[in-house]
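Below you'll find the structure, written out as structure tokens, and then a few comments.
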Amino acid sequence: MRLLEFQAKELFGQYGIKTPKGKYSKNIDEARSHAAELGYPFVIKFQAPVGGRGKAGGIQVVKNQDEFELKYPQVAGMTIKGEKARAILLEKMAEYQKELYLSLFLNRSKRCYTIIASGEGGVEIESVKNQTIREVGLGDVTPQVAEEVAKSIGLSGNSVSDFVDMLQRLSKLTIEKEAELAEINPVALLKDGSLLALDGKVITDDNSNFRHPDMDKYQEKTELEERAEKSGFTLVELEGNIAVVGNGAGLVMSTLDMLIDNGGKAACFLDVGGGATTESVYEALTLISKMKKVKAILVNLYGGIVKTTTVASAFIKAYDDKLIDLPVYARLMGAESEKSKEMLKNTKTKMFDSVEEAISGVVLGVSKHG
Amino acid sequence: MADIYEILRGTKDSSGNYQKMPVIVQGITGTFGSLHAKMMMEYGTNIAAGVTPGKGGQKFEDCVPIYNSVKEAVDATGAKISIVFVPAKFFLGAAKEALDAGIKLLVAIPEHVPIRDTMQVLEMAKQKDAIVIGPNTPGIMIPGLIKIGIMPASPFKPGNIAVLSKSGTLLYEISNALSRAGYGQSITVGIGGDPVNGTRLIDAFEMIKDDPDLKGIVVVGEIGGDSEEILAQHIIDTNFKKPIVAYIAGRNAPKEKRMGHAGAIVMGTYGSAESKVAMFNKANIPVGKRPNEVAMFLSGKMGSKD
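As structure tokens, then:
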């Protein structure tokens, strides 16, 4: 799960990593009392799981109440890289001499955690210069290693011990919460040499969620995504109008790629898992029926073991139950595909022999009928 | 590293046939485990024993003895291979038990294993010189000889092309197209869709690259991590000359969203399809835009087939 900035900072707080004083809100009424409590000036920060918020205008300095009344609704109403604000963070500003970069990151190929640090932070990691990189096994950082990293990025005096402290706390968080990434960018080097986490990004291993019930409150899932998960599916909602359904993550990604290559716009990515049964396909259609924007459904199933007739009967049941009235463009690979075609002959489901033909069909169909 | 071919098929006997190596199924009495144990037996895999704690002494399908522990199963059968079907949260314990009992090839089917558990298992496997395939893998097979996994039999034909894949269904899809085009498979290795894999693409490549009968390799990658880039660089560095063709799924996936597989996520530029395609191209490996292009590209690379 990818924590929002204010959630990551809440976690930092639990682990004793210092952050600026701040309050998050879901609406301006809530925020007004926070504004009074914090006192001007402060920054208002757009909270969504995207980078580059500053550049897009999602972080604004507010000097007085008039500015607050003007800018809060502006920032709250923004869409950045397709994401709407989940909350707004009001935060006190800090005067600092320098921005640093610090993260603990799971290097998947090396199967170990890596410390990445730099004396030049505040930009996205790809642009961070003069990186110090240290491999640290399962994520435990000794004071010696932390001190070496601190010195390598040019820290001296009391900043070194502050950095060692911050990195060790970040390491504890990473291990205990099973994070794939715990990033502080930037770390502010204050005038007195102490350090402050100005931003925070934490991505945890979803497969370990069952061991961390205390983190459930950070789940940012739509109702449909939650329902999909209960059925053992993965649903990612997208902006377009063609629902993409298939079995197996790779196959559905591949179908999505080809649809978009051919000018189609995907409404969702829906992976029903490796197998496919009448029930699972019916449940997938139920989920799609709740997405108003969907104009057509593209189905690509590779039924190695499953008969295609089981899938075909799910479509028929969905039409009979008046669950869907949408056209379905399906490629069902597997046994008894001729029989499935026959079953679906008088329905709104068209069966194709290849996924390429199904995609041409759905793109043309949607463009004709708007 | 242990020789994967020797583990899977032993050595040829006097009449030129490979051995039927014994395989243990951990979780053989579960719904999924029993279904696939049966299918592996139908394929001809020598399922020598099952393990389900508390069900020792019973028989699976009236012929396969069930034991309470992997140790007992190994002692009785001499198996070096185990396939694990237990739920993800029990994987760490099951894998440790198998490695402790002397298993040298562990095929880890469960999806949703926490990364930390996988990392601990891999640490142990390294000490014991064992190979782990997965987790979240369809398995490994030598078509026509042995199938250790959940893949259907129909897409695969014996041949000389090795297929290494992060995705299950794309492995079936692409192998099916290869088989139809006349390119059977010498071996197929499911890498798995998790962020941390017991056998990475580069490890799988190392396992199969010296097979004298190998005529070509197909790599099926997807967004997330950098194992495709590392493999491509390795191929450049070692000047490997046999034909290789690749496919990458997820070119049009949004960033920072997990696309079905725990490992299929782009963070910044880490794990992006652009980076993988660029590196493969640098290694002179064509990348199909559609799964169906893979067999076509391979045919182009191999020239006329014999």
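Chains as they are written, first to last, in my numbering: chain A, 1070 to 1439; chain B, 94 to 399. Heads up, the beta-carbon is just placed ideally off N, CA and C, and yes, glycines get one too.
query, result
"Please report the straight-line C-alpha distance between glutamate 266 of chain B and alanine 246 of chain B, rounded to a whole angstrom.", "12 Å"
"So glycine 1151 of chain A and glutamate 1308 of chain A are supposed to be a Cβ contact under 8 Å. How far apart are they, rounded?", "6 Å"
"Flag this pair as touching only if the region 1387 to 1402 of chain A and the region 281 to 295 of chain B have three or more C-beta atom pairs under 8 Å; answer yes or no.", "no"
"Tell me whether aspartate 399 of chain B sits in a helix, a strand or coil according to DSSP, three-state version.", "Here aspartate 399 of chain B scores only 43 on pLDDT, less than 50, and its place in the model should not be relied on; the value that follows carries that caveat. Of the three classes helix, strand and coil, the one that applies to aspartate 399 of chain B here is coil, per DSSP."
"How big is the Cα-Cα spacing for alanine 172 of chain B and lysine 221 of chain B?", "16 Å"
"Using 10 angstroms around the beta-carbon of glycine 356 of chain B, count the other beta-carbons present and answer buried if the total reaches 16, otherwise exposed.", "buried"
"Span of the beta strand (DSSP E) holding tyrosine 1398 of chain A?", "1397 to 1404"
"For alanine 223 of chain B and serine 175 of chain B, what's the separation of their Cα atoms in angstroms?", "11 Å"
"Could you check if arginine 273 of chain B is buried or exposed, using at least 16 other CB atoms within 10 Å of its CB as the buried criterion?", "exposed"
"With a cut-off of 7 Å, does the C-beta of methionine 1284 of chain A fall near any C-beta of chain B?", "no"
"Using a Cβ cut-off of 9 Å, pull out every chain A residue sitting near serine 320 of chain B, in sequence order please.", "Arg1177, Ser1178"
"Alpha carbon to alpha carbon, what distance is there between alanine 187 of chain B and proline 336 of chain B?", "39 Å"
"Output the boundary residues of the beta strand (DSSP E) element that contains isoleucine 1294 of chain A.", "Strictly speaking, residue 1294 of chain A in this sequence is glutamate, with isoleucine absent from that position. Not the beta strand (DSSP E): glutamate 1294 of chain A falls in the alpha helix (DSSP H), residues 1292 to 1299."
"Any beta carbon from chain A within less than 7 Å of lysine 219 of chain B's own beta carbon?", "no"
"Just reading off the alpha helix (DSSP H) that proline 1212 of chain A is part of, what are its end residues?", "1212 to 1221"
"Determine contact between the region 310 to 319 of chain B and the region 356 to 366 of chain B, defined as no fewer than three beta-carbon pairs at a distance below 8 Å.", "yes"
"Does any residue of chain B bring its CB to less than 7 Å from the CB of methionine 1420 of chain A?", "no"
"Assign glycine 147 of chain B to one of two classes, buried (16 or more other C-beta atoms within 10 Å of its C-beta) or exposed (fewer than that).", "exposed"
"Between leucine 1367 of chain A and valine 1313 of chain A, how many whole angstroms is the CB-CB distance? I'm expecting something under 8 Å.", "5 Å"
"Are the beta-carbon atoms belonging to threonine 1416 of chain A and tyrosine 1371 of chain A less than 7 Å from one another?", "no"
"Distance check for glutamate 1407 of chain A and glycine 381 of chain B, CA to CA, integer angstroms please.", "29 Å"
"Would valine 1271 of chain A pass as a contact of leucine 1171 of chain A if the rule is Cβ separation under 7 Å?", "no"
"Mind pulling the chain B residues with CB within less than 8 Å of asparagine 1316 of chain A?", "Thr262"
"Let me confirm a value: phenylalanine 1111 of chain A is counted as buried when at least 16 other C-beta atoms fall within 10 Å, else exposed. Which label applies?", "buried"
"Chain B partners of glycine 1249 of chain A, CB-CB under 8 Å?", "Here residue 1249 of chain A turns out to be glutamate, not glycine, going by the sequence shown. Here the neighbours are Ile208, Pro288."
"Closer than 8 Å, Cβ to Cβ, to anything on chain B: give me those residues from the region 1095 to 1118 of chain A, in chain order.", "Pro1118"
"Using the C-alpha atoms, what's the distance from alanine 181 of chain B back to histidine 129 of chain B?", "17 Å"
"For proline 1282 of chain A, does the count of other Cβ atoms within 10 angstroms reach 16, so buried, or fall short, so exposed?", "exposed"
"If you follow the alpha helix (DSSP H) that methionine 132 of chain B is part of, which residue opens it and which one closes it?", "124 to 136"
"Can you give me, in chain order, the residues of the region 1195 to 1213 of chain A that have a beta carbon less than 7 Å from any beta carbon in chain B?", "Glu1195, Leu1207"
"How many whole angstroms separate the CB atoms of threonine 1065 of chain A and serine 1300 of chain A, which I take to be in contact at a CB cut-off of 8 Å?", "What is shown of chain A runs 1070 to 1439, which leaves residue 1065 of chain A out entirely."
"Mind pulling the beta strand (DSSP E) runs of 3 or more residues that sit fully within the region 134 to 182 of chain B?", "140 to 144, 157 to 160, 174 to 177"
"Indicate whether alanine 1163 of chain A and glutamine 1116 of chain A have their beta-carbon atoms separated by less than 7 Å.", "no"
"Kindly provide the ranges of any alpha helix (DSSP H) runs that are 4 or more residues long and lie completely inside the region 95 to 126 of chain B, ordered along the chain.", "97 to 102"
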